[in-house]
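Visitor:
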Amino acid sequence: MSKTKQETVLKFSTIDEAEKKLYEMIKSGTNFREIAKTGFDISGNIKRYNPSQISKIKAKFEPKLPENNRDPDKAKVFSLFKKNKKPTDVIIETGLNYEYVKKSYEEYLEFEEKMLVPKYWINNLVNYADGISEQVGKNKLGHIHYALSVAHNSHVELQKHIYYCCVCEEQIPIKDKTLQAACDYLSQKWGHAECIKNQ
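Per my numbering, the very first residue in the sequence shown carries number 308; after that it's consecutive.
1) On the DSSP bridge assignment, give the partners of N352 in chain order.
2) Rounded to whole angstroms, how far is the Cβ of V384 from the Cβ of T401, which I believe are closer than 8 Å?
3) Rounded to whole angstroms, what's the CA-CA distance from V443 to Y470? Just pull it up for me.
4) Are the segment 356-371 and the segment 325-337 touching by the rule of at least three beta carbon pairs closer than 8 Å?
5) For the alpha helix (DSSP H) that contains M422, what are its first and last residues?
6) My output table needs one value for F398: the three-state DSSP class, helix, strand or coil.
7) Using the beta-carbon count (16 or more within 10 Å), is F347 buried or exposed?
8) Could you have a look at I481 and say whether DSSP puts it in helix, strand or coil?
9) Rounding to the nearest angstrom, what Cα-Cα distance links I398 and Y412 in this structure?
10) Check each candidate in E326, Y356, Y415 and name the one with the smallest Cα separation from F339.
11) Nearest by alpha-carbon distance to E477: which of S320, L493, E406 is it?
12) On the DSSP bridge assignment, give the partners of Y470 in chain order.
13) Helix, strand or coil, according to DSSP, for Q442 in the structure here?
14) Classify D378 as helix, strand or coil using the three-state DSSP reduction.
15) Below 8 Å between beta carbons: does that hold for E326 and I364?
16) Around the C-beta of K474, are 16 or more other C-beta atoms found within 10 angstroms, so that it is buried, or is it exposed?
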C-alpha cells in the first residue's frame with residue numbers, strides 16, 4: 308500500500324481480490340466517499356470505483372435472500388398495520404383472506420412486543436385488579452401495573468395451549484371454563500402411575 312497527498316493506493320493481483328477488499332472496507336465502516344478516493348492497483352493498472360460501482364460490489368457480496376423467503380403480501384399488510392390500519396381495513400384494501408390477515412396481525416403484534424387479548428379478559432380487569440393487596444391500596448400505580456402484568460402473563464401462558472374442535476378441527480384457545488373442564492376430565496381419568504398400579 309502506498310500513499311500520495313491525494314489518495315491511498317492498494318495493490319492487488321486480480322480484480323476479485325480488489326473487490327473483496329473493497330467489501331471489507333464497507334463492512335469496517337468506511338464510507339463510499341472515502342472508498343471512491345482510494346486507488347486500486349490491479350496488476351499495474353489503477354482503478355477507482357464510483358459510488359454506483361461500489362453499491363454493485365456491495366450487493367454482489369451481500370448474502371441474497373432466497374425467493375421462497377420473500378413475502379410481498381406480508382410486507383404490504385405489515386406496512387398498513389404500521390400506519391394503524393385495522394385488520395378489517397387491510398382485508399378491504401388488499402383483498403387478502405381473513406385467516407392470512409388475522410395471522411399476519413398476530414405476527415406483527417409479536418414483533419411490536421404486543422399481543423391481542425380477548426374481550427372477556429378486558430372485562431375481567433377489575434377482578435384481576437382485586438389481586439392487589441388491600442394493605443397497599445389500589446391507588447398505587449406500581450402495584451396496579453404489577454397486578455395487570457401478572458394477569459397478562461397468565462393469559463399469555465394459557466395461549467400456549469390449544470385444542471382442536473372435534474367437528475371442524477380448527478384451533479380453539481383455552482379459556483377459564485374449558486380449562487376447568489379439562490382439569491375435571493383429567494382428575495377422573497389420570498393419576499399418579501404408582502397409585503394406578505396399586506389399584
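Beta carbons: idealized from backbone N, C-alpha and C, even for Gly.
Guide: Well, looking at it:
1) Its beta-bridge partners are I349.
2) Contact flag correct, Cβ pair sits at about 6 Å.
3) Low local confidence applies: a pLDDT of 49 at V443 is under 50, so the model's placement there is unreliable, with the coordinate-based value given in what follows. Roughly 40 Å separates the two Cα atoms.
4) yes
5) No alpha helix (DSSP H) holds M422; DSSP gives it neither H nor E.
6) The question names Phe, but residue 398 is Ile in the sequence shown. In this structure, I398 counts as helix in the three-state DSSP scheme.
7) buried
8) coil
9) Going by the C-alpha atoms only, they are around 11 Å apart.
10) Y356
11) E406
12) I479, per the DSSP bridge assignment.
13) Because the pLDDT at Q442 is just 45, under 50, the model does not fix this residue reliably, and the value given afterwards should be weighed accordingly. Three-state result, Q442: coil.
14) Under the three-state reduction of DSSP output, D378 falls in the coil class, being neither helix nor strand.
15) yes
16) Here residue 474 is Val; the residue named in the question, Lys, does not match the sequence. By the neighbour-count rule (16 or more Cβ atoms within 10 Å), V474 is not buried but exposed.
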